[in-house]
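K.L.:
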């Protein structure tokens with residue numbers, strides 16, 4: 002699933018909740034299907050950084066372990082306890098949605114589920130059991146994904162990256178636009194070029210249906226140097 006952070010600098014939270022959701026499913030052998038709420042993490046984790054103005058992936062996983070996170074669907078769904086309240090928008094493309102407008106206001110931390118959701122906020126929480134970072138080593142990252150599921154990573158976005166639509170991305174031109182956190186879910190080889198398969202949080206209008214491939218094994222744009230993950234706690 003590709004999500005949409007909207008007009009909010011919440012990639013740090015999206016990379017985390019996407020990987021957490023997958024890991025809960027994997028660790029429970031498909032028995033628990035929890036769509037962890039980006040809203041809950043962005044709005045309530047004060048130690049994570051600045052909400053819609055950026056934050057830290059490692060802190061997001063620590064919050065999952067210490068405080069826990071409720072479930073929550075995407076924008077305009079009434080799924081889960083706290084669905085995302087920031088509208089979807091088109092990131093660097095001109096397709097089906099209105100264009101994104103920079104980094105908006107961070108939603109407020111309400112410790113209540115939406116009307117109609119039958120589980121109370123404290124009871125809806127899912128927790129992490131451990132938090133760890135993975136060495137900047139291609140094989141170790143592969144082993145981690147293979148054994149435990151997707152990881153959160155971060156890389157430097159250069160001006161040529163938003164234009165990506167297919168193939169294996171490798172930075173060739175343009176200046177740095179800042180850091181961006183994402184979910185790495187696999188790897189492969191395309192036309193003899195090794196890549197990581199990555200889910201972005203710019204909805205399906207962007208890139209390759211919302212995904213992209215980036216050069217693997219060369220720490221391209223720092224993609225291999227900020228990998229964090231954790232194990233979920235199963236009740």
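Numbering (this note's numbering), first residue to last: 2 to 236. We put the beta carbon where it would ideally sit given N, CA and C, even for glycine. Bear in mind that the values here come from a model prediction, so they are computed numbers and not experimental data.
1) Which class does residue 132 belong to by DSSP, given the choice of helix, strand or coil?
2) State the start and end residues of the unbroken beta strand (DSSP E) segment that holds residue 177.
3) Could you tell me which whole alpha helix (DSSP H) segments of length 4 or greater appear in the region 20-107?
4) Relative to the alpha-carbon of residue 221, which residue among 169, 190 and 233 has its alpha-carbon at the smallest distance?
5) Which word fits residue 184, buried or exposed, when buried means at least 16 other C-beta atoms lie within 10 angstroms of its C-beta?
6) Out of curiosity, what's the CA-to-CA distance linking residue 25 and residue 210?
7) Look up residue 5 in the DSSP assignment and give the residues it is bridged to.
8) Could you give the distance in angstroms between the alpha-carbon of residue 118 and the alpha-carbon of residue 162?
9) If you follow the beta strand (DSSP E) that residue 213 is part of, which residue opens it and which one closes it?
10) Compare the C-beta of residue 30 with all C-beta atoms of chain C and state if any pair is closer than 8 Å.
11) Using beta-carbon positions only, say whether residue 235 and residue 29 come within less than 8 Å of one another.
12) Based on Cα-Cα distance, which residue from 208, 148, 141 and 126 lies nearest to residue 33?
13) Applying the criterion that 16 or more other CB atoms from any shown protein chain within 10 Å of the CB defines a buried residue, is residue 201 buried or exposed?
14) Quick one: Cα of residue 76 to Cα of residue 97, how far?
15) Please say whether residue 64 and residue 46 have beta carbons closer to each other than 8 Å?
P.N.:
Concretely, from the data shown:
1) On the chain shown, position 131 is the one that residue 132 refers to. Assignment of residue 132 by DSSP, reduced to helix, strand and coil, places it in the coil class.
2) In the chain shown, counting from the first residue as 1, residue 177 sits at position 176. Looking at the DSSP string, the run of the beta strand (DSSP E) that includes residue 177 is 177-191.
3) You should have 39-45 and 58-67.
4) Here residue 221 corresponds to residue number 220 of the chain shown, with the count starting at 1. Comparing Cα positions, the closest option is 169.
5) Numbered from 1 along the chain shown, position 183 holds the residue referred to as residue 184. Burial check for residue 184: the Cβ neighbour count within 10 Å reaches 16 or more, so the residue is buried.
6) Position 24 of the chain shown, counted from the start, is the residue given in the question as residue 25. Position 209 of the chain shown, counted from the start, is the residue given in the question as residue 210. Answer to the nearest angstrom: the Cα atoms are 24 Å apart.
7) Along the chain shown, one-based indexing puts residue 5 at 4. Per DSSP, 203.
8) Taking the first residue of the chain shown as 1, we reach residue 118 at position 117. Taking the first residue of the chain shown as 1, we reach residue 162 at position 161. Near 39 Å, if we compare the C-alpha coordinates of residue 162 and residue 118.
9) On the chain shown, residue 213 is found 212 positions in, with the first residue counted as 1. Element bounds for residue 213: 212-216.
10) Of the chains in the structure shown, none is chain C; there is only one protein chain.
11) Working through the chain shown from its first residue, we reach residue 235 at position 234. Working through the chain shown from its first residue, we reach residue 29 at position 28. Yes, the pair counts as a contact, with Cβ atoms nearer than the cut-off.
12) Translated into positions along the chain shown, residue 33 becomes position 32. When only C-alpha atoms are compared, the closest one is 126.
13) Your numbering for residue 201 matches position 200 in the chain shown. Buried: at least 16 other Cβ atoms inside 10 Å.
14) Mapped onto the chain shown, residue 76 falls at position 75. Mapped onto the chain shown, residue 97 falls at position 96. The straight-line gap from Cα to Cα measures roughly 15 Å.
15) Position 45 of the chain shown, counted from the first residue, corresponds to residue 46. Position 63 of the chain shown, counted from the first residue, corresponds to residue 64. Closer than 8 Å, so yes.
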